[in-house]
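J.: My structure is below; once you've seen it, I'll send some questions.
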Amino acid sequence: MGVLLFSLFRNNSQIETILFGVFASVIAIFLVIDLGVFNRKAHKISTRSALYQSIFWVFISSIFGYLVYYFDEGGFTSSIEFFSAYLTEYALSVDNIFVILLILKYFTVKEEYYHTILFWGILGAVVFRGIFIFVGALLIAQFHWILYIFGVFLIYSGIKIYFEDSDEKIDPEKNPILRLCRKYLPMTQDEMGGKFMGVVNGKWMFTPLFLVVALVETTDLIFAVDSIPAAFAITQNEFLIYTSNIFAVMGLRAMFFLLAGIIDKFYLLQKGLSIILFFIGSKMLLEIFQYEISPTLSFTVIIVTLTFSIILSVVVPQKNEESAQETE
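Spelled out as structure tokens, the structure:
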């Protein structure tokens, strides 16, 4: 992993290397504190705790964005690119929350185990997203035109998401990873007190919670297929892409416990995300014609679109809600 990160940031300045050291230290310290101190025993996360954690990670991310502004050679531009990539990933995580919640409900996982599953899922995301970004940066360095493929893909994703039915059902049983695990791994139906593996009749067996973590991890990888190209469309600085991505992912767990019960209320957020993906993809393709959209304008479009989609979701009731009220 050390070699991977060295390669990933090989072209960055000394300041960015120092900032990455700060970033890595913060993430490592709080992951250890989180699992080793505050959550040693399985328990249900309260809404108040989730709110405090969400505020904490937004605060920490904002401080890091300021450090980028103050110390990085790119100054204001680098900071704006960091926050643009951060907001885009954070917003895309909302769809991720819906799918994760569906997986947890499908396997009837007890709420006290939610935190542990999300912890290990996020830990995997820290590693795999680093690999994704490294491979993407390596390919772009060799074949710059790949950025334009990213642009086309983002426009396609934006259109697809816009017309996609938000109530579409996702069947975890169709996941190939789930099928492979059940076919080749020794499984038990016993949760064994929240463990992923245990001994049954003298033989090591995997528990259903292991399957859940595997599905959560593969779900994150699927969502990364959208979010990583979107980040590269905002900036080609691997340092900014990785740090913004991981800060957003770290806040995902707290946001899950905060929004799990009310996520359906923000029904227009999906439309907002589709507009953002379409805009970012178009921004990248316009560079073919030597037309560049400034980072400030990009950030403004992202923040305004997200804000309006959330406000309109709250102010304008969903059609099925209106019908239900009329029926009553």
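Numbering (our numbering), first residue to last: 15 to 342.
C-beta: ideal position from N, C-alpha, C; glycine also.
(1) Suppose contacts are defined by Cβ-Cβ distances below 8 Å. Is E103 in contact with A262 by that definition?
(2) Is it true that the segment 185 to 203 meets the segment 148 to 161, where meeting means three or more beta-carbon pairs spaced less than 8 Å apart?
(3) If you draw a straight line from the alpha carbon of S155 to that of F246, how long is it in whole angstroms?
(4) With a Cβ-Cβ cutoff of 8 Å, do I242 and G150 count as a contact?
(5) Taking the alpha helix (DSSP H) that K285 belongs to, which residues open and close that run?
(6) Just list the beta strand (DSSP E) runs in the segment 204 to 258, keeping only unbroken ones of 3 residues or longer that don't cross its boundaries, in chain order.
(7) Can you check whether the CB of I290 is closer than 8 Å to the CB of K297?
(8) Would the beta-carbon of Y256 fall within 8 Å of that of G144?
(9) Roughly how many angstroms separate the alpha carbons of V40 and S327, rounded to a whole number?
(10) Between which residues of its own chain and F90 is the CB-CB distance below 7 Å, once the five residues before and five after are set aside?
(11) Is it buried or exposed for T319, if we count other Cβ within 10 angstroms and need 16 for buried?
(12) Does the distance from the C-beta atom of I316 to that of L106 stay below 8 Å?
(13) Please identify the residue among S288, P309, F322, Q28 whose C-alpha is closest to the C-alpha of L168.
(14) According to DSSP, which residues form a beta bridge with M201?
(15) Assuming contact is defined by CB atoms lying nearer than 8 Å, are F253 and F34 in contact in what I supplied?
(16) Give me, in chain order, the residues of the same chain whose beta-carbon lies closer than 7 Å to that of L282; leave out the 5 immediate sequence neighbours on both sides.
(17) Go through its chain and collect everything with a Cβ distance to I94's Cβ below 7 Å, but skip five positions before and after it.
(18) Return helix, strand or coil for H158, following the three-state DSSP convention.
(19) Is E340 helix, strand or coil when you go by DSSP?
(20) Please list the segments of the alpha helix (DSSP H) lying wholly inside the segment 50 to 137, counting only runs of 4 or more residues, in order along the chain.
(21) With a 10 Å radius around its C-beta and 16 neighbouring C-beta atoms as the bar for buried, classify Q284 as buried or exposed.
(22) Who are the Cβ neighbours of L299 in its own chain at under 8 Å, not counting the five residues just before and after it?
T.: Quick answer:
(1) yes
(2) no
(3) Going by the sequence as given, residue 155 is Ala instead of Ser. In a straight line, the C-alpha of A155 is about 12 Å away from that of F246.
(4) yes
(5) 283 to 300
(6) 211 to 214, 217 to 220
(7) no
(8) yes
(9) 35 Å
(10) Y83
(11) buried
(12) no
(13) S288
(14) F220
(15) yes
(16) S323, L326, S327
(17) P309, T310, F313
(18) coil
(19) In this prediction, E340 has a pLDDT of 48, which is less than 50 and means its spatial position is unreliable; what the coordinates show is noted afterwards. Helix, per DSSP.
(20) 61 to 85, 90 to 120
(21) buried
(22) Y162, G165, V166, I169
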